[in-house]
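J.: Read in order, the letters of the sequence shown correspond to residues -14 to 272 in the numbering used here. C-beta atoms are modelled at their ideal positions from N, C-alpha and C, and glycine is treated no differently.
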Amino acid sequence: MYLRSLHFSRRREGPRGAAALVGAIVSVAPLDPDPAASEVGSQPAAGEACVAGAEALISVRGLTKVFLHGGRELQVLRGIDLDVGAGELLSIVGSSGAGKSTFLHILGTLDRASAGVVSFGGRRLNELGAGQLAAVRNREIGFVFQFHHLLPEFTALENVMLPALIGRLARAEALQRAEELLVEVGLAERLSHRPGELSGGEQQRVALARALVWRPKLLLADEPTGNLDSATGHSMHELFFALNERFGTTMLTVTHNPELALRMPRRLRMSDGRLTEDTGPPRPGAV
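#1: Using C-beta distances below 6 Å, list every residue in its chain close to ARG254, excluding the 5 sequence neighbours before and after it, in chain order.
#2: Terminal residues of the continuous beta strand (DSSP E) containing THR234?
#3: By DSSP, does SER99 sit in helix, in strand, or in coil?
#4: If you follow the beta strand (DSSP E) that MET255 is part of, which residue opens it and which one closes it?
#5: Between ILE65, ALA246, LEU75, which lies nearest to VAL45 when the distance is taken from Cα to Cα?
#6: Which class does ALA206 belong to by DSSP, given the choice of helix, strand or coil?
#7: Report the rounded CA-to-CA distance for HIS219 versus ARG231, giving the unit in angstroms.
#8: Residues in its own chain within less than 6 Å of PHE301 by CB, not counting five upstream and five downstream?
#9: How many whole angstroms separate the CB atoms of ALA98 and ASP68, which I take to be in contact at a CB cut-off of 8 Å?
#10: Please report the residue range of the alpha helix (DSSP H) in which GLN188 lies.
#11: Between the alpha carbons of GLU33 and ARG57, how many angstroms are there, rounded?
#12: Spatial neighbours of ASP257 within its chain, please: CB distance less than 6 Å, with the 5 preceding and 5 following residues excluded, ordered by chain position.
#13: Kindly confirm or deny that the stretch 190 to 201 and the stretch 149 to 166 touch, where touching means at least three C-beta pairs closer than 8 Å.
#14: Please report how far the alpha carbon of LEU136 lies from the alpha carbon of GLU187, in whole angstroms.
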């Protein structure tokens, strides 16, 4: 297994570290299935690989997601259509349980749709095999979640390097990229610190740097400031915009934070499994 060949300046052993390593590399392995639910119709019909609207980085047509829960069908997403251009900044708002995170997981290849087509960079993701999807997930899509999922045994620098090393980037290049990104997110003096020695905001900055180490085309963020105080959350917002301007990364953020949602040039609303453009002010209790 390639993970066994990865090594840093210190040797770390024990099942706890290994379990954390496997569980935290979200950009390599898909999410485990929901133990209380099973998919319905998880094999969409195959179609032509060349799709209309390939100029969009993301093109979604008729996206539907259905689970079986307690013997009943639960439709979470209902025929969503969406085009997202390269370099766009978008937010998705909506009440809890509306389907926002499920939609994000499908876009990030962490889950599969029950029906419909998701195209990324002109490729239909539902037509790719597991290995091809893993390569897309590892190198072309970055993830930032509400919880940072950093490996406690590793330093900030090592955490950022890890996805690149797993993807077999040369160690020297991985080191250079990780150092540059940590400087970019304001952690030049924290390279050798472990997660337990960092504040919550610093941990989330490390997670953001890790998500960008492959210079992905797309960054998906699910409540990235949900566990941060308002001042720290605001600094994270500023960082998102600065990194988008520098790298041109498309950023799609699910958030309940009205400040972040309103600052995005394009805002979408998820309601009852349907996605619509949202141009009005945030509704009380809905973001």
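T.: This is what the structure gives:
#1: Residues VAL78, GLY79, THR261, ASP263 of the same chain have their beta carbon placed closer than 6 Å to that of ARG254, with the five preceding and five following residues left out of the count.
#2: Here THR234 belongs to no beta strand (DSSP E), and DSSP marks it neither H nor E.
#3: It is coil, neither helix nor strand.
#4: Element bounds for MET255: 251 to 256.
#5: With distances taken between CA atoms, VAL45 lies nearest to ILE65 out of ILE65, ALA246, LEU75.
#6: Strand at ALA206.
#7: Straight through space, the alpha carbons of ARG231 and HIS219 are spaced by roughly 19 Å.
#8: Past the edges of the chain, shown from -14 to 272, lies residue 301, and the structure says nothing about it.
#9: Their Cβ separation, rounded to whole angstroms, is 16 Å, which puts ALA98 and ASP68 out of contact at 8 Å.
#10: First-last of the alpha helix (DSSP H) with GLN188: 185 to 196.
#11: Legend: pLDDT at GLU33 = 34, less than 50; position of this residue unreliable, no value from coordinates given.
#12: Excluding sequence neighbours, ASP257 sits near nothing in its chain.
#13: Flag = yes, the stretch 190 to 201 and the stretch 149 to 166 touch.
#14: Roughly 14 Å between the two C-alpha positions.
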